[in-house]
Every structure is written in C-alpha cells, then in structure tokens.
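The letter at position 105 of the sequence shown is residue 152 when you use my numbering, and the numbering goes up by one with no holes.
Think of the CB as a built atom: it goes at the ideal place given N, C-alpha and C, for glycine as much as any other residue.
Just so you know, these numbers come straight off a predicted model, no measurement behind them.
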Amino acid sequence: MVLVFAAQLLHSQNPPDVKLEKNLVPNGSFENFRKKANNLRQAIPWQPIASVDYYQSPLSNDTTAQKGAYEGYSYIGLRFQKRYKEFAQVKLVEPLHRGTVYAFSMHVRLAFWSNAILKSFGAIFSKAGYRGQGDAVKSSMIDTVNKKGLMKNFQWFTIRGFYKADGGEKYLTIGNFAPEVKKDMTRMNLFNMGYKEAYYFVDDISLTKFKEPKEEVEVVIVGPSHKEVEDSTLVVKKDIQVGEKVALKNIFFEDGKYYLLPESYAELNKLAQYLLKNPTIEIQINGHSDNSGLKFKNQKISELRAREVFEYLIKKGVQNKMYYKGFGSTQPIASNDTDEGKAMNRRVEFEIIKK
48 MVLVFAAQLL HSQNPPDVKL EKNLVPNGSF ENFRKKANNL RQAIPWQPIA SVDYYQSPLS
108 NDTTAQKGAY EGYSYIGLRF QKRYKEFAQV KLVEPLHRGT VYAFSMHVRL AFWSNAILKS
168 FGAIFSKAGY RGQGDAVKSS MIDTVNKKGL MKNFQWFTIR GFYKADGGEK YLTIGNFAPE
228 VKKDMTRMNL FNMGYKEAYY FVDDISLTKF KEPKEEVEVV IVGPSHKEVE DSTLVVKKDI
288 QVGEKVALKN IFFEDGKYYL LPESYAELNK LAQYLLKNPT IEIQINGHSD NSGLKFKNQK
348 ISELRAREVF EYLIKKGVQN KMYYKGFGST QPIASNDTDE GKAMNRRVEF EIIKK
C-alpha cells in the first residue's frame, strides 16, 4: 500500500524527532563499482532493464549549473522515447516487512539535450522484480505525477514518498510506469516536430524504515524477552589513521577459488556494522596470497577474493565509498617456507583510505 502517491519535487526537512535507519538500497549513490564503464552492471548490484547509462564524472558538454552527480561522482541516466523506456533495478538489502512504513527518496535531473519531459516518474517495489506493465499497480508504487511535466530548469530535484509494505518485497525498480510512455511525454518546444526524447539523471536513492515519534512509556516485561539481536561490530581502535590496515580473521574461501564460504559471514557482518556506524570512512579491500603456484594466478585470485568481500559489504547495505585490489604474493607478512606462514599470507584486509 502506498501512503503518498504524489511525491514532493522540492527539498524538504524530515519531521522533527524522526530517526531514519540504514539505507536498504545497496549502492544507492552508485559510487561503488567493479570498474569504470558506461554499463550500469558495473555499479553492483544494480541491473539495467534495456540499456541504462552509468557515469562516473560530469559530461564534458554539460554546461548546466548542476552538472555531474548530485553528490559524489557517480550517477545514472534513463532514456525515454516514443516507444522505448529504460529502468534501473536492484535487490534490496533485506525483504520489506508487512505493515512497516518506509521513507523513499531519490534525486532526479532532466538532461540538457532533452526535448521532452515526463509527466510521471517513480519506483515500484516487488517480490520478484519488475517484469512488465502488469506489475505497475498503484499499491506497489511511489509515483510522482505532474501534468505539466517533471523538471526544475535542468537542476536536481527530490522525489519523496512513503510506502507501507505488503510484506516480502525484495526488489526496487526506478522508471516511468505509464502504460504508454508516448502519452506520458510532453514536448518542451511545440514548434520542434522531430522525435521526442526525455532523458533523466538519477542519484542518491534511499529507502529507510520510517519511525514516527512516540510518547515514551515505561514498559515492564514479564517472562522471557525476545529482542532482535543486531550483528556485533568489528573492534577497531578509535584513533586508526589513514593508511593503516586491519586483517580480517575467519574469512574463508573454497580451496583454489574465490567464493566466500558461509563461515565468513559473521566476520564480514561485523565489518559491515563498523562501516555503517562510520559512514565517512573510505576503505580499500586488499587480497593477498602465498607464493604457491603461478604469480599471475595468485594475483588474479587475490583480486577476485577482495572483490567478493567488496560486493558482500555492498549487498549488506554499506554505503561507504570502497575500493578493492589484489596483491598476489607480493606483500607477505610471514615466511612462505612453512604451512603456517603460507596460511598467514593468504589473507584479506581492509585499509583506511580516507576518514
């Protein structure tokens, strides 16, 4: 059920005394990527429906006042034409809980070359991902509608809304959900009779549990207490400095491969909690190997293992800027002449890049 169908187009303050929890949209700012490329798939775990552009810097020919990302460096672009439209989709950090109200927001900007504007733009929550127009029901949607069209002089504007979950929704899809996009577009210049295209940049997408302020009441619990237990936080010294490294213990991979084993999740969940509580810290995940086998294979598997940790953290909802790198056997911390030394050299660590 949607509580608000028409989201706000202007920035607004959150209501007083309202605490917003962690962002359930993984990589909601698009800042973390496997490698620089124009393909949205690099901004893991996002997936395009049709061809969605992915940018890591301002366009060289964009001369508007607010060119580039809303915040940071990365953002995406969705194209809409007479018989064509694009969507961006992502699996949420966790399924939505039935009856829980969530606050949603995203920042949108009309591209400078557009000759048309959309009348509606929004988000759909689904259990299996968006498969077509049949999934575009109002009860699963936060949709912004403006009969005059959605734009703010090529500047960023905010779309906000509240969603009451049916329960079990796992996916978020961004785009235009009108049955016929050509009827949902309005031409900016009525005297220009060429093809119509509306192109929108999107950045900083957020979905958080919304908690209304409640009057404090003393509660006495009789009998066993069943409180939710959060993952514990990785213990890191308070005065850790840029350049310092922290080895991750109890990280396990399948022998000779880069797949994380379930035994690793407890340690990685602790690291995720640490980063969620310190959102300004930037880190690099470093992968290392011993000197057994070929050097190039060691380097490759160490990089892939670092990438696995990087992607796991993103899917757990970590929004910090992160990088990953494989060093192979070039940085041993123990002798490779013994099995114990080799085991110590096969490690994953994180390095503080920025505080």
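Helix, strand or coil for residue i per DSSP?
i, result
"A319", "helix"
"K90", "Correcting the residue identity first, residue 90 is Ala in this sequence and not Lys. Of the three classes helix, strand and coil, the one that applies to A90 here is coil, per DSSP."
"Y312", "helix"
"A175", "coil"
"K401", "strand"
"D251", "strand"
"S152", "strand"
"A390", "helix"
"K132", "strand"
"I348", "helix"
"K324", "helix"
"F257", "coil"
"D384", "coil"
"H273", "With a pLDDT of only 45 at H273, under 50, the local geometry of the prediction cannot be trusted, and no value is derived from it."
"I164", "strand"
"Y359", "helix"
"V192", "strand"
"F77", "coil"
"K342", "helix"
"Q331", "strand"
"G375", "coil"
"G303", "coil"
"K138", "strand"
"G181", "helix"
"A353", "helix"
"G169", "strand"
Check each candidate in the options and name the one with the smallest Cα separation from residue i.
i, options, result
"L125", "P326, R354 and H154", "H154"
"E248", "P326, E314 and I164", "In the sequence on display, residue 248 carries Phe and not Glu. Taking only the C-alpha atoms, the option nearest F248 is I164."
"Q103", "A116, G196 and S187", "A116"
"D302", "S279, L341 and I348", "I348"
"T255", "Y122, G364, R394 and G373", "G364"
"G146", "F343, E396, L315 and S186", "S186"
"K82", "E314, E396, R354 and R234", "R354"
"R88", "T377, E358 and N383", "E358"
"N85", "L315, I123, P326 and A112", "I123"
"P92", "K114, Q136, K69 and A112", "Q136"
"G222", "N236, R178, F374 and M369", "R178"
"L106", "M198, F159, K129 and Q94", "F159"
"V184", "D213, F204 and R394", "D213"
"I189", "W203, G196 and A225", "A225"
"K362", "F209, P142 and T233", "P142"
"K324", "K402, D182 and K211", "K402"
"Q180", "K132, G241, Y242 and T110", "K132"
"N383", "F343, S336, F374 and K372", "S336"
"F300", "G373, F374, V356 and Q378", "V356"
"H144", "N74, Y210 and D182", "Y210"
"K304", "R352, T327 and E291", "R352"
"T111", "E329, G119, L157 and P309", "L157"
"R394", "Y246, E329 and S311", "S311"
Look at the Cβ atom of residue i, then the Cβ atom of residue j, and state whether they are nearer than 8 angstroms.
i, j, result
"L322", "N367", "yes"
"A170", "L139", "no"
"I400", "V289", "yes"
"F257", "Y101", "no"
"F127", "I96", "no"
"N162", "E244", "yes"
"Q331", "E398", "yes"
"V99", "I252", "no"
"R207", "S279", "no"
"N345", "S376", "yes"
"K284", "E216", "no"
"G196", "T233", "yes"
"F168", "S121", "no"
"G373", "E396", "no"
I believe residue i touches residue j by the beta-carbon criterion, under 8 angstroms. Please report the beta-carbon distance rounded to the nearest angstrom.
i, j, result
"K166", "N200", "K166 to N200, Cβ: 17 angstroms. No contact."
"L281", "K317", "4 angstroms"
"M391", "N79", "Their Cβ separation, rounded to whole angstroms, is 29 angstroms, which puts M391 and N79 out of contact at 8 angstroms."
"A313", "N297", "7 angstroms"
"Q320", "Q202", "At roughly 36 angstroms, the Cβ-Cβ gap does not stay under 8 angstroms, so Q320 and Q202 are not in contact."
"L360", "L315", "7 angstroms"
"K7", "K129", "Not covered by the structure: residue 7. The range shown for the chain is 48 to 402."
"A90", "N74", "6 angstroms"
"D286", "E118", "So it is not a contact: roughly 28 angstroms between Cβ atoms."
| query | What residue ranges within the stretch 91 to 126 form continuous alpha helix (DSSP H) runs of no fewer than 4 residues, ordered along the chain? | reply | none
**Q.** Start-end ranges of the beta strand (DSSP E) lying completely within the stretch 191 to 243, minimum 3 residues
**A.** 204 to 211, 218 to 222 and 232 to 234
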